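Peer 1: Residue numbers (mature numbering (1 follows the signal peptide of the UniProt record, and there is no 0)): -24 to -1, 1 to 707.
Backbone N, C-alpha and C define an ideal beta-carbon position, used for all residues, glycine too.
Keep in mind that this is a model prediction, so the values were computed, not measured.
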Amino acid sequence: MASIHRCPRLQIWTAALLLLFVHGDSFYLPGVAPQDFEMVSTPKSEIACLDLVRFVARSREGFDQKLRSRWLIQVPERKVSSTAKLIGAIFIDENMMLKMEKMCLILVVELTMSFSQCLCEIALALLKFGNCGIFWVQGDPLNVKANKLTSTKTQLPYSYYSIPYCTPKSIIDSAENLGEVLRGDRIENSPYVMCNLVCRVALDGKKAKTFKEKIDDEYRVNMILDNLPLVLPIRRQDQESSYVYQHGYPVGYKRQIAGTKDEKYFIHNHLMFTVKYHKDAQTDAARIVGFEVKPFSVKHDYEGEWNGKNRLTTCDPHAKRLVTNSDAPQEVADKEIIFTYDVDFQESDVKWASRWDTYLLMTDDQIHWFSIVNSLMIVLFLSGMVAMIMLRTLYRDISKYNQLETQEEAQEETGWKLVHGDVFRPPVNSDLLCVYVGTGVQFFGMILVTMIFAVLGFLSPSNRGGLMTAMVLVWVFMGLFAGYASARLYKMFKGTEWKRVSLRTAFMFPGVVFAIFFILNALIWGQKSSGAVPFGTMFALVFLWFGISVPLVFVGSYGGFKKAAIEDPVKTNKIPRQIPEQPWYMNPIFSILIGGILPFGAVFIELFFILTSIWLHQFYYIFGFLFIVFVILIITCAEITIVLCYFQLCSEDYLWWWRSYLTSGSSALYLFLYATFYFFTKLEITKPVSGILYFGYMLIASYAFFVLTGTIGFYACFWFTRLIYSSVKID
């Protein structure tokens, strides 16, 4: 019996309503013909759910009692995308049919299919997101999929079949989304179909060298079963009853020969899989809730000449001789290697909805809470300073300034009030500032929207590459706000060449990032790693950039420039005021560097966990903590910039535009320095190419963090200066 897909009710209702909304009197369902509506077996499409089919059928009968009087037209099978085939069933009113000629009817059918495609793809995406889960029954084949080989020492992923493992009759690549490709995932079928013999591999010198290199670099093999990654359970030393789970298993290991300094290489050629399942209380079906492995290195023996069907004397399931240790390991040398495996099925109390808890188990909650409490203390300290400035100093100064009656008293005044005629003078390179502010708005919007989706659970770890895909797509569509923000600020500066600013906004930051990314990708390609982004994906990224993001930037700029310019609260003098000599602590470089410490301090503990998840190949799914830290970062950047901006204006230095951006943006410098510290203290990267990749990607991350924090600080200072100077009477 084939496996049956079931969907969560929320996804069923949402997808069904989308499908029913395609047309008032017409609808079609992907991969399902009308005669399949009441069938008990699985629908033709592996994506569609049986529950959804029945729901849509019942809904159509309830919504339209005249269904029998309709003509049914079968639309031939059409391939809409690489992942879905649509077989449409379109219902057209009988009276409408009688009035149409044959060619016209065909046109209507084609238009309906084209119009419906968009909503149907959304429905398919919802079904895929819902991760319906599969009910398995006894006798179903469990096909293990092979993923990439990974190493924390090289950071270069490789395809599973890049080393001479056993191969199936034909290697089939699984469909991968944009995020999976950018992550370097290469999911392929494997010969493991749940002691069974897989194959025998004859090693020559070249193949043996490949295995030894991967063992030296501590590569791990990653596999997938029912969308669950393979894990290796390791018992905790401090707690006998609990385990930690490592992703994948090592290719092999090295061992020093007793009495010599020589080392020998041994390969893990026997895998003992443990498949945990949870039985459904109402049926005999079950769902997989765990996929574990214990690797062994075993020198297999067999009788007679090899014919591919020999019984192994070291591993015979019929004689109940299973591999339980590696007393006689398999050496990597110029000889044959026999690959085997066995499977142990264990019933589990873990429900399907909780099967990811093992992978997402976090034991560092106290550290995260300490990080948040530490950051909140910084926020409270800065909030107190801002409150003191706003409620005491500014209130007193403004009241006193507004009550001045004589010119002598006005001349005696010093501080921020004296620079009111210059504080809103456009800065040097104002167009460049507009570009960076617009880019910061785009990046802020991308982070905020992605974070909200992640907190709400839409970016599940079971949806591989979903986070990366979401970030890229949201970034592209946030180009609209980037163009709008840069144009609004540019018009306030009395600029007229808005097209040039729009062009720089659309290309400057993405161009720098793409150039670095292209160079790094070329290095990865030179290493023949699966982490290299293929030409097709690179073309798709360029299309998203030039075809969607750039036009949206110009649309936003056009709309922003057409709006009325933002008026300054005070008039600007024609002749710039001379800035007095500043004390040492108000030196621009010193104050900018000081301003970046606190924003970085608010995030550096969480940054450690993020770097660990990226470079040590662990899951990161505590987006609730991350969202709180992000809010704290926003508040910290805003408050430290306001405080230092106020001190700067009190020193009669009105050049605050760029200073406000660089003050909070300097936290990116500390981020890069911390990344350097992390590289030398936590990672064991040995290859120069891997080091270049690390610092290249961290340079991109630091540049993005600079744009993000700089924009937050700028807008906070922009709001602050307009607030205080709009409260002062100017004759």
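1. Going along the chain, which residues of its own chain have a beta-carbon closer than 6 Å to the beta-carbon of I610, five neighbours each way excluded?
2. L62 by DSSP, collapsed to three states: which one?
3. On the CB-based measure, 16 or more other CB atoms within 10 Å of its CB, does residue 740 come out buried or exposed?
4. Confirm, please, whether the CB-CB distance from E194 to S127 is below 9 Å.
5. Which term fits Q624, buried or exposed, when burial requires 16 or more other beta carbons within 10 angstroms of its beta carbon?
6. Rounding to the nearest angstrom, what Cα-Cα distance links G535 and F648 in this structure?
7. Starting from the Cα of Y241, find the closest Cα among K275, E268, L352 and A508 and give me that residue.
8. Whole angstroms are fine: how far does the CA of L154 sit from the CA of T445?
9. My assumption, with CB atoms under 8 Å, is that V227 sits in contact with V197. Please give the rounded CB distance.
10. Do you know whose CA, among F453, Y622 and M248, lies nearest F267's CA?
11. Just to confirm, is the Cβ distance from C693 to C621 under 9 Å?
12. Beta-carbon within less than 6 Å of W695's beta-carbon, same chain only, minus the 5 sequence neighbours each way: which residues are those?
13. Quick one: does the C-beta of A458 sit closer than 8 Å to a heavy atom of the ligand SAM?
14. In the DSSP assignment, the beta strand (DSSP E) including I313 goes from what residue to what residue?
15. Terminal residues of the continuous beta strand (DSSP E) containing K252?
16. If you reduce the DSSP assignment to three classes, tell me which class I610 lands in.
17. Going along the chain, which residues of its own chain have a beta-carbon closer than 8 Å to the beta-carbon of F429, five neighbours each way excluded?
18. Can you tell me the Cβ-Cβ gap for S324 and H223, rounded? I've got them flagged as a contact below 8 Å.
19. How would you label residue 708, buried or exposed, when you count the other beta carbons within 10 angstroms and need 16 or more for buried?
20. Looking at chain B, is there any beta carbon in it that lies within less than 9 Å of the beta carbon of V251?
21. What distance in whole Å lies between the Cβ atoms of Y679 and V488, which are believed to be in contact at a cut-off of 8 Å?
22. Is the beta carbon of P545 closer than 9 Å to that of F469?
23. Leaving out the 5 sequence neighbours to the left and right, which residues in its chain are closer than 6 Å to A178 when beta-carbon positions are compared?
24. Mind checking which residues open and close the alpha helix (DSSP H) that includes V477?
25. Quick one: what does DSSP say C410 is sitting in, helix, strand or coil?
26. By a C-beta neighbour count over all protein chains shown, 10 Å radius and 16 as the cutoff for buried, is A498 buried or exposed?
27. With DSSP run on the structure shown, which of helix, strand or coil describes K663?
28. Helix, strand or coil: how does DSSP classify V579 here?
29. Tell me which residues share the same chain as W632 and place their Cβ nearer than 8 Å to its Cβ, disregarding the 5 neighbours each side in the sequence.
30. Given this structure, state the Cα-to-Cα distance separating K475 from S533, to the nearest angstrom.
31. Does the pairing of the region 479 to 495 with the region 561 to 576 give three or more beta-carbon distances under 8 Å?
32. Please report the straight-line C-alpha distance between F453 and R480, rounded to a whole angstrom.
33. With a 10 Å radius around its C-beta and 16 neighbouring C-beta atoms as the bar for buried, classify I700 as buried or exposed.
34. Could you tell me the alpha carbon to alpha carbon distance between L26 and L132, rounded to whole angstroms?
35. Measure the CB-CB distance between Y141 and F315 and report whether it falls below 9 Å.
36. How many angstroms separate the CA atom of K270 from the CA atom of F603?
Peer 2: Here's the rundown:
1. Answer for I610: I688, listed in chain order.
2. Low confidence applies to L62: its pLDDT is 31, below 50, so where it sits in the model is not reliable, and the reading given next is rough at best. In the structure shown, L62 sits in a strand (DSSP, three-state: E or B).
3. No statement about residue 740 is possible, as the shown extent of the chain runs from -24 to 707 and does not include it.
4. yes
5. Per the 10 Å Cβ criterion, buried.
6. 37 Å
7. K275
8. 6 Å
9. 6 Å
10. M248
11. In this structure, C621 lies closer than 9 Å to C693 by Cβ.
12. Hits under 6 Å: none found.
13. Summarising the ligand content, the structure contains no ligands, and the ligand SAM is consequently not present.
14. E312 to E323
15. H246 to K255
16. helix
17. L435 and A446
18. So it is not a contact: roughly 20 Å between Cβ atoms.
19. Only positions -24 to 707 of the chain appear in the structure, and residue 708 is not among them; the question remains open.
20. Checking the listed chains, one finds no chain B in this structure; it contains a single protein chain.
21. 7 Å
22. no
23. E312
24. W474 to G502
25. helix
26. exposed
27. Residue state for K663 is assigned as coil, using DSSP reduced to three classes.
28. helix
29. V399, C621, Q624, L625, C693 and T697
30. Each residue's alpha carbon lies about 8 Å from the other.
31. Output reads no: the region 561 to 576 does not touch the region 479 to 495.
32. Straight-line Cα distance between these residues: approximately 17 Å.
33. buried
34. Because L26 sits at a pLDDT of 35, beneath the cut-off of 50, its placement in the model cannot be relied upon, and the following sentence gives the value as read from the coordinates. Looking at the two C-alpha atoms, the distance is approximately 41 Å.
35. yes
36. 37 Å
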